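Peer 1:
Protein chains: 2
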Amino acid sequence: MKVVRWAGAFPASPDRMTKTNLFETPRFFLDVYVFEPGQSQKPHVHDGNDKIYLVTEGRGVFQVGEERAELGAGDAVLAPAGVVHGAENTGVARLVALAFMAPHPKPPTV
Amino acid sequence: MKVVRWAGAFPASPDRMTKTNLFETPRFFLDVYVFEPGQSQKPHVHDGNDKIYLVTEGRGVFQVGEERAELGAGDAVLAPAGVVHGAENTGVARLVALAFMAPHPKPPTV
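As they're listed, the protein sequences go chains A and B.
Counting along the first sequence from 1, when you hit position 37 you're at 36 in numbering that gives the first Met the number 0, and nothing is skipped either side.
Counting along the second sequence from 1, when you hit position 20 you're at 19 in numbering that gives the first Met the number 0, and nothing is skipped either side.
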């Protein structure tokens, strides 16, 4: 029984946003994304995978399709398969978000 | 672009634990479970679906397989497909947890 922390401190980088995996199975993954001010996840598409972003710290601008919205801690947004999505820390504090994706785009060999 | 709150107040019941859906697609669902003191989700198994519990408020005892552990806000645990799992609020304060499951056991018709 693997208990992990989803809140707290996670690795950050001055160079780019970081991803820390919390759980992964053949069916999904749960990552923590850390964006320093100015860092972003460029808009991209997953053809067959749905994603949820849950903001746990800070604020940022999230894009889903043609829409963009500023989200803060406690907000979540769905990026369905086939829809362009991304995130950007436009503020001055660290942005942290959980990212769930299913199915796993690169299933681990277990 | 549907933005929802994953933190905050959700429906509770004096009779049993409650489930509030935040997002669902054919590929997964994300629910909020609210357990008043003494309430539980009885141990059960999903043959082909993995689940993650993320505790967002309070404390409770979570079971995965033969193991049981007390989790608090900020903790998360994985219940893989085929493994018995459940949760119980053994404390005196409300327990709130996010539950992410993939694939969706009863996919919505969309």
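Backbone N, C-alpha and C define an ideal beta-carbon position, used for all residues, glycine too.
Every value quoted in this text rests on a predicted model; they were computed, and no experiment measured them.
Below 8 Å on the Cβ atoms is my guess for L21 (chain B) versus G59 (chain B); work out the distance and round it to an integer in Å.
Peer 2: With 8 Å as the limit, L21 (chain B) and G59 (chain B) do not qualify as a contact, their Cβ atoms being about 20 Å apart.
Peer 1: Which of the three DSSP states is assigned to D14 (chain A) in this structure?
Peer 2: In the structure shown, D14 (chain A) sits in coil (DSSP, three-state: anything other than H, G, I, E or B).
Peer 1: Figure out for me which residue from B:D49, B:L97, B:F61 and B:H84 has the closest Cα to the Cα of P104 (chain B).
Peer 2: Taking only the C-alpha atoms, the option nearest P104 (chain B) is B:D49.
Peer 1: Can you give the beta carbon distance from L70 (chain A) to V54 (chain A), rounded, assuming they're within the 8 Å contact cut?
Peer 2: About 5 Å separates the two Cβ atoms, so the contact holds.
Peer 1: Alpha carbons only, please: which of B:D14, B:L29 and B:A72 is nearest the one belonging to A101 (chain A)?
Peer 2: Selected option, being the one with the closest Cα: B:L29.
Peer 1: Check distances from the C-beta atoms of the stretch 7-33 of chain B to those of chain A and list, in chain order, the residues that come in under 7 Å.
Peer 2: Listed by position along the chain: G7, L21, F22, T24, R26, F27 and L29.
Peer 1: Pick out the complete beta strand (DSSP E) segments inside the stretch 3-73 of chain B, 3 residues or longer, and give them in chain order.
Peer 2: Runs found: 17-23, 28-34, 39-43, 49-56, 58-63 and 66-71.
Peer 1: Do three or more CB pairs link the stretch 74-89 of chain B to the stretch 31-48 of chain B at distances below 8 Å?
Peer 2: Because the criterion of three Cβ pairs below 8 Å is met, the stretch 74-89 of chain B and the stretch 31-48 of chain B touch.
Peer 1: Could you check whether the Cβ of R4 (chain A) sits closer than 7 Å to any Cβ belonging to chain B?
Peer 2: So yes, R4 (chain A) belongs to the interface.
Peer 1: According to DSSP, is G85 (chain A) part of a helix, a strand, or is it coil?
Peer 2: If DSSP states are grouped into helix, strand and coil, G85 (chain A) belongs with the strands.
Peer 1: Against G73 (chain B), what residues of chain A qualify as contacts under a CB-to-CB distance less than 9 Å, listed in chain order?
Peer 2: The contacting residues are R4, W5, A6 and G7.
Peer 1: Check F91 (chain B) in the structure and name its three-state DSSP category.
Peer 2: Phe is not the amino acid found at residue 91 (chain B); the sequence shown has Val there. Coil, per DSSP.
Peer 1: Among residues of its own chain, excluding the 5 on either side of K113 (chain B), which ones have a beta-carbon nearer than 7 Å to its beta-carbon?
Peer 2: Residue 113 (chain B) falls outside the range modelled here, since chain B spans only 0 to 109, and no answer is possible.
Peer 1: Could you tell me whether any Cβ in chain A is nearer than 7 Å to the Cβ of L94 (chain B)?
Peer 2: Chain A, which has no Cβ nearer than 7 Å to the Cβ of L94 (chain B), makes this no.
Peer 1: Would P36 (chain B) and V91 (chain B) be called neighbours here (beta carbons separated by less than 7 Å)?
Peer 2: It is a contact, given that the beta carbons lie within the stated cut-off.
Peer 1: Helix, strand or coil: which one does DSSP assign to M0 (chain A)?
Peer 2: DSSP places M0 (chain A) in coil when its eight states are reduced to three.
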